[in-house]
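When the letters of the sequence shown are read in order and numbered with our numbering, they come out as residues 10 to 441.
Accompanying notes for the structure given below.
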Amino acid sequence: MASRTNQRVLLGCALLCAAALPCADSSRLSAAESQPQPIVAVANFPVASAARLAGDGKQTRFILDLDQTVTFRAVTLADPYRVVVDVPQVNFQLPAGAGSGGRGLVKAFRYGLVMPGGSRIVFDLTGPARIANSYVLEAANGQPARLVLELEEVDRTAFVQSLAPEHRPELRPTIAEAQPATAPATAAPDTAAQQKADGRPVVVIDPGHGGIDNGTQSSGESEKNLVLAFGLALRDKLEKAGKYRVVMTRDDDTFIPLNDRTKVARNLKAALFVSIHADALPRAEGDAQGATIYTLSDKASDAEAQRLADAENRADAIAGFNLAEEPTDVADILIDLTQRETRTFSNRFARLLMGEMKSTVRMHKHPLKSAGFRVLKAPDVPSVLVEIGYVSNKGDLEHLVSEGWRSRAVGSMAQAIDGFLTKRMATAGSSN
Numbered sequence: 010m011a012s013r014t015n016q017r018v019l020l021g022c023a024l025l026c027a028a029a030l031p032c033a034d035s036s037r038l039s040a041a042e043s044q045p046q047p048i049v050a051v052a053n054f055p056v057a058s059a060a061r062l063a064g065d066g067k068q069t070r071f072i073l074d075l076d077q078t079v080t081f082r083a084v085t086l087a088d089p090y091r092v093v094v095d096v097p098q099v100n101f102q103l104p105a106g107a108g109s110g111g112r113g114l115v116k117a118f119r120y121g122l123v124m125p126g127g128s129r130i131v132f133d134l135t136g137p138a139r140i141a142n143s144y145v146l147e148a149a150n151g152q153p154a155r156l157v158l159e160l161e162e163v164d165r166t167a168f169v170q171s172l173a174p175e176h177r178p179e180l181r182p183t184i185a186e187a188q189p190a191t192a193p194a195t196a197a198p199d200t201a202a203q204q205k206a207d208g209r210p211v212v213v214i215d216p217g218h219g220g221i222d223n224g225t226q227s228s229g230e231s232e233k234n235l236v237l238a239f240g241l242a243l244r245d246k247l248e249k250a251g252k253y254r255v256v257m258t259r260d261d262d263t264f265i266p267l268n269d270r271t272k273v274a275r276n277l278k279a280a281l282f283v284s285i286h287a288d289a290l291p292r293a294e295g296d297a298q299g300a301t302i303y304t305l306s307d308k309a310s311d312a313e314a315q316r317l318a319d320a321e322n323r324a325d326a327i328a329g330f331n332l333a334e335e336p337t338d339v340a341d342i343l344i345d346l347t348q349r350e351t352r353t354f355s356n357r358f359a360r361l362l363m364g365e366m367k368s369t370v371r372m373h374k375h376p377l378k379s380a381g382f383r384v385l386k387a388p389d390v391p392s393v394l395v396e397i398g399y400v401s402n403k404g405d406l407e408h409l410v411s412e413g414w415r416s417r418a419v420g421s422m423a424q425a426i427d428g429f430l431t432k433r434m435a436t437a438g439s440s441n
């Protein structure tokens, strides 16, 4: 476990340097800030204690109070208009609700971890704007160190011209060409060799959201934390049985792009991919409860499934970069025989999972649904997305935070996984 964590930290640190965004105006950065930031103990990460906005719809300033200076890089993005600021890993201790409201050119902002060793702040803008100035001030005269970002309103034409070529709307690269925001989803040579020697079927567990992307939230609980706890419990349950090799797309509070989650399963030739989420309904849309199991389809089974798919598919945009367009080869594969066979297996597992879960877990009134979830689009890996409950429902939330409920739900899910893979392996063996 320790070696796996160390490897992820080293990979994340290397990619933070390799995928560096164009540098903002750093003429006022101190010489010390130009040095690489080492990966250090959590206690030594810079602490952000306060953040505020000032100004109006013409000029807006953002100020972040820190206990030490940091290096940073900032870039503007279009469609929707955003500013992304990348910094070394920061321990955000901002007041509750910080960023939920805006001022001037900023509608709102969010912040969090995007990889081991790297944090990000994303500003949603009211319209096109440019970074007029950006700098870090050292602590002085009893005032803390500060990161300052000054935005200025511009028209659409000037905004697009100010973008780096790779971020201009008409030149946006496909997923296949874009650099990943986290550790690569490709298996390292020693990992591939280990898998071949192991020989056990691979099950990939995908806790949704993470890092800068909290997912749904209610009563102080975040979806990203609830589903991570569930995913880790499911991993432990499956590993204890010893029949399967279990791989997590994330085992900590790190943001993983949707396409990278799928690549993990494909590169490991996984036998099954299970994405774990927890839904929420806005107050105006009433109340809903129970677990729901989703499979991939080109057309959503109902309006609620479409709403959820649209929300989940925006995860990359929430973290700053929207890689919504699939490469042509994936789009072509979706209509291939392989994809159709994979969907058949996915639907079969979904029905089996529903049968196991309904005896221990409260299910939604329509427990089986389908929609165009990007995270389910691996053409050769049976995949399902399980919404284990609604954080917006009081009863469901009580279950989601309960270890007893989690243990029962994990048990039924593990039993379904075992039943599905045991039968599939037996069928595959008899056909050889």
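The beta-carbon is built from N, C-alpha and C at its ideal position, and this holds for glycine as well.
Everything numeric in this text was worked out from a predicted model, so none of it was measured.
**Study point:** C-alpha gap between D338 and A359, whole angstroms
**Key:** Because the pLDDT at D338 is just 47, under 50, the model does not fix this residue reliably, and the point stays unresolved.
Point to revise | Straight-line gap, D261 to S355 (C-alpha atoms, nearest Å) | key: Distance from the CA atom of D261 to the CA atom of S355, rounded to whole angstroms, is 27 angstroms.
Practice item. Would you check if there are 3 or more beta carbon pairs closer than 8 angstroms linking the stretch 367-381 to the stretch 307-326? Key: By the Cβ rule, the stretch 367-381 counts as touching the stretch 307-326, because three or more pairs are nearer than 8 angstroms.
Check your understanding: Within 10 angstroms of its Cβ, does A167 collect 16 or more other Cβ (buried), or is it exposed?
Key -> The residue in question, A167, is exposed, as its Cβ has fewer than 16 Cβ neighbours within 10 Å.
Review point. Thinking C-beta only, is V99 closer than 7 angstroms to A148?
Key: Not closer than 7 angstroms, so no.
Review point. DSSP three-state call for V96: helix, strand or coil?
Key: Note: V96 maps to strand in three-state DSSP.
**Study point:** Cβ neighbour criterion (16 or more within 10 Å) applied to A105
**Key:** Exposed is the call here.
Point to revise | Burial state of D88, where buried means 16 or more other Cβ atoms lie within 10 Å | key: So D88 counts as exposed.
Practice item. Return helix, strand or coil for H218, following the three-state DSSP convention. Key: Assigned with DSSP and collapsed to three states, H218 falls in coil, not helix or strand.
Review point. Does DSSP put G111 in a helix, a strand or coil?
Key: The answer is coil: DSSP assigns G111 none of H, G, I, E or B.
Practice item. Quick one: using the 10 Å Cβ neighbour count with 16 as the cut-off for buried, is P291 buried or exposed? Key: Burial call: exposed.
Point to revise | Nearest-angstrom Cα separation, counted from L281 out to G127 | key: Rounded to whole angstroms, the gap between the alpha carbons of G127 and L281 is 30 angstroms.
Exercise for review: May I ask which residues mark the beginning and end of the alpha helix (DSSP H) holding G404?
Suggested key: Judged by DSSP secondary structure, G404 falls within the alpha helix (DSSP H) whose first and last residues are K403 to L409.
**Study point:** Where the alpha helix (DSSP H) containing G240 begins and where it ends
**Key:** For G240, the enclosing alpha helix (DSSP H) stretches over residues E232 to A250.
Check your understanding: Which partner residues of H286 appear in the DSSP bridge assignment?
Key -> Residue pairing by DSSP places H286 opposite E396 in a beta bridge.
**Study point:** Start and end residues, alpha helix (DSSP H) containing T271
**Key:** Run containing T271: L267 to N276, per the alpha helix (DSSP H) assignment.
Exercise for review: Could you spell out the range, first to last residue, of the alpha helix (DSSP H) harbouring T166?
Suggested key: Counting along the chain, the unbroken alpha helix (DSSP H) around T166 starts and ends at R165 to S171.
Check your understanding: Are three or more beta carbon pairs between the stretch 323-330 and the stretch 420-438 nearer than 8 angstroms?
Key -> Touching, no.
Check your understanding: Among all the DSSP beta bridges, which residues are the ones paired with D133?
Key -> The partner list for D133 (beta bridge, DSSP) reads R91 and A117.
Review point. Is there contact between the stretch 235-250 and the stretch 131-149, where contact requires at least three CB pairs shorter than 8 angstroms?
Key: Contact between the stretch 235-250 and the stretch 131-149 is not established, with fewer than three Cβ pairs separated by less than 8 angstroms.
Point to revise | Residue interval of the alpha helix (DSSP H) (run including E313) | key: Residues A312 to E321.
Check your understanding: Are the beta-carbon atoms of F81 and V96 separated by less than 7 angstroms?
Key -> The answer is yes: Cβ separation under 7 angstroms.
Practice item. Round the Cβ separation of Y253 and L430 to the nearest angstrom and send it over; I've been treating them as touching at under 8 angstroms. Key: Right, their Cβ atoms sit about 7 angstroms apart.
**Study point:** L281 (DSSP reduced to helix, strand or coil)
**Key:** Strand, per DSSP.
Practice item. For D65, I'd like the list of residues in its chain whose CB is within less than 6 angstroms of its CB, leaving aside the five on either flank, ordered along the chain. Key: Closer than 6 angstroms at Cβ, skipping near neighbours: G113.
Point to revise | Q68, DSSP secondary structure in three states | key: It is a strand residue.
Review point. Roughly how many angstroms separate the alpha carbons of R383 and T258, rounded to a whole number?
Key: Each residue's Cα considered, the two are about 15 angstroms apart.
Practice item. With a 10 Å radius around its C-beta and 16 neighbouring C-beta atoms as the bar for buried, classify A206 as buried or exposed. Key: Exposed is the call here.
Practice item. Give the secondary structure of R259 by DSSP, where H, G and I count as helix, E and B as strand, and everything else as coil. Key: Reduced to three states, the DSSP call for R259 is coil.
Point to revise | Three-state secondary structure (DSSP) of Q102 | key: Of the three classes helix, strand and coil, the one that applies to Q102 here is coil, per DSSP.
Practice item. With distances taken Cα to Cα, identify the nearest neighbour of G240 among A287, S228 and N276. Key: Minimum Cα distance to G240 is reached at A287.
Practice item. For N268, count neighbouring C-beta atoms within 10 Å of its own C-beta (all shown protein chains included) and say buried if the count is 16 or more, exposed if not. Key: It counts as buried.
Check your understanding: Measuring CA to CA, which of V370, D427, K116 and V390 is closest to D405?
Key -> Here the closest residue by C-alpha is V370.
Review point. Can you tell which of I285, G295 and Q298 has the C-alpha that lies nearest to the C-alpha of G224?
Key: Comparing alpha carbon positions, the residue from I285, G295 and Q298 closest to G224 is I285.
Review point. Would DSSP call K432 helix, strand or coil?
Key: In this structure, K432 counts as helix in the three-state DSSP scheme.
Review point. Between the beta-carbon of V400 and the beta-carbon of A274, is there less than 7 angstroms?
Key: Between V400 and A274, the CB-CB gap reaches or exceeds 7 angstroms.
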